[in-house]
(Lines of atoms letter the chains of each structure in order from A; the text may use other names.)
(Lines give C-alpha, C1' and ligand atoms only; values in the text may rest on other atoms or scores of the structure.)
Protein backbone atom coordinates (compact mmCIF):
# COMPACT_ATOMS: atom_id res chain seq x y z
CA UNK A 1 0.00 0.00 0.00
CA UNK A 2 2.86 2.38 0.83
CA UNK A 3 4.56 1.66 -2.49
CA UNK A 4 1.34 2.29 -4.41
CA UNK A 5 0.93 5.62 -2.62
CA UNK A 6 4.51 6.56 -3.44
CA UNK A 7 4.04 5.71 -7.13
CA UNK A 8 0.77 7.62 -7.42
CA UNK A 9 2.29 10.54 -5.51
CA UNK A 10 4.99 10.93 -8.15
CA UNK A 11 2.61 10.98 -11.12
CA UNK A 12 1.36 14.07 -12.90
CA UNK A 13 -2.35 14.72 -12.45
CA UNK A 14 -3.18 13.94 -16.08
CA UNK A 15 -1.61 10.46 -15.70
CA UNK A 16 -3.65 9.49 -12.63
CA UNK A 17 -6.69 8.69 -14.77
CA UNK A 18 -4.77 5.82 -16.35
CA UNK A 19 -4.47 3.96 -13.05
CA UNK A 20 -7.98 4.43 -11.65
CA UNK A 21 -9.24 1.13 -10.28
CA UNK A 22 -5.81 -0.44 -9.82
CA UNK A 23 -5.64 -1.97 -6.34
CA UNK A 24 -1.98 -2.86 -5.88
CA UNK A 25 1.39 -1.31 -6.65
CA UNK A 26 2.01 -4.14 -9.12
CA UNK A 27 -1.25 -3.39 -10.98
CA UNK A 28 -0.38 0.32 -11.09
CA UNK A 29 3.14 -0.41 -12.34
CA UNK A 30 1.94 -2.88 -14.98
CA UNK A 31 -0.70 -0.45 -16.24
CA UNK A 32 1.83 2.38 -16.50
CA UNK A 33 4.39 0.14 -18.20
CA UNK A 34 1.90 -1.04 -20.82
CA UNK A 35 0.59 2.48 -21.43
CA UNK A 36 3.99 4.05 -21.94
CA UNK A 37 5.45 1.08 -23.83
CA UNK A 38 2.74 1.55 -26.45
CA UNK A 39 3.53 5.26 -26.68
CA UNK A 40 7.23 4.50 -27.08
CA UNK A 41 6.53 2.01 -29.88
CA UNK A 42 4.35 4.56 -31.69
CA UNK A 43 7.05 7.20 -31.22
CA UNK A 44 9.73 4.81 -32.47
CA UNK A 45 7.73 4.05 -35.62
CA UNK A 46 7.10 7.76 -36.21
CA UNK A 47 10.78 8.64 -35.79
CA UNK A 48 11.95 5.77 -38.00
CA UNK A 49 9.56 6.93 -40.73
CA UNK A 50 10.79 10.50 -40.26
CA UNK A 51 14.35 9.23 -40.64
CA UNK A 52 13.53 7.33 -43.84
CA UNK A 53 11.67 10.27 -45.40
CA UNK A 54 14.23 12.90 -44.34
CA UNK A 55 15.35 15.16 -47.21
CA UNK A 56 17.87 17.97 -47.30
CA UNK A 57 15.66 20.36 -49.22
CA UNK A 58 16.84 23.97 -48.90
CA UNK A 59 18.56 23.49 -45.54
CA UNK A 60 22.30 23.88 -45.13
CA UNK A 61 24.40 20.76 -44.62
CA UNK A 62 24.88 21.75 -40.95
CA UNK A 63 21.11 22.05 -40.40
CA UNK A 64 20.55 18.79 -42.25
CA UNK A 65 23.07 16.91 -40.08
CA UNK A 66 21.69 18.49 -36.88
CA UNK A 67 18.18 17.39 -37.80
CA UNK A 68 19.41 13.80 -38.23
CA UNK A 69 21.14 14.04 -34.86
CA UNK A 70 17.91 15.23 -33.22
CA UNK A 71 16.07 12.18 -34.57
CA UNK A 72 18.87 9.87 -33.39
CA UNK A 73 18.80 11.53 -29.94
CA UNK A 74 15.01 11.17 -29.69
CA UNK A 75 15.28 7.47 -30.56
CA UNK A 76 17.99 7.02 -27.93
CA UNK A 77 15.80 8.81 -25.37
CA UNK A 78 13.06 6.18 -25.77
CA UNK A 79 15.57 3.35 -25.53
CA UNK A 80 15.87 2.65 -29.26
CA UNK A 81 19.28 4.02 -30.24
CA UNK A 82 20.48 3.69 -33.81
CA UNK A 83 23.76 1.81 -34.09
CA UNK A 84 26.70 3.32 -35.96
CA UNK A 85 26.37 0.56 -38.57
CA UNK A 86 22.77 1.58 -39.23
CA UNK A 87 23.61 5.29 -39.41
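In full-length UniProt numbering, the protein residues as written are 1 to 87. Where a beta carbon is used, it is the ideal one built from N, C-alpha and C, also for glycine.
Within a 10 Å sphere around the beta-carbon of residue 16 sit fewer than 16 other beta-carbons, which makes this residue exposed.
With a beta-carbon spacing of about 5 Å, residue 80 and residue 44 fall inside the 8 Å limit used to define contacts. For residue 22, the closest of 39, 3 and 40 by C-alpha to C-alpha distance is 3.
Around the Cβ of residue 47, a 10 Å sphere holds 16 or more other Cβ atoms; the residue is buried. Here DSSP, grouped into helix, strand and coil, assigns residue 12 to coil. Taking the Cβ atoms as the reference, residue 19 lies roughly 7 Å from residue 32, within the contact range of under 8 Å. When Cβ pairs closer than 8 Å are counted between the two stretches, the stretch 35 to 44 is seen not to touch the stretch 55 to 69, the count staying below three.
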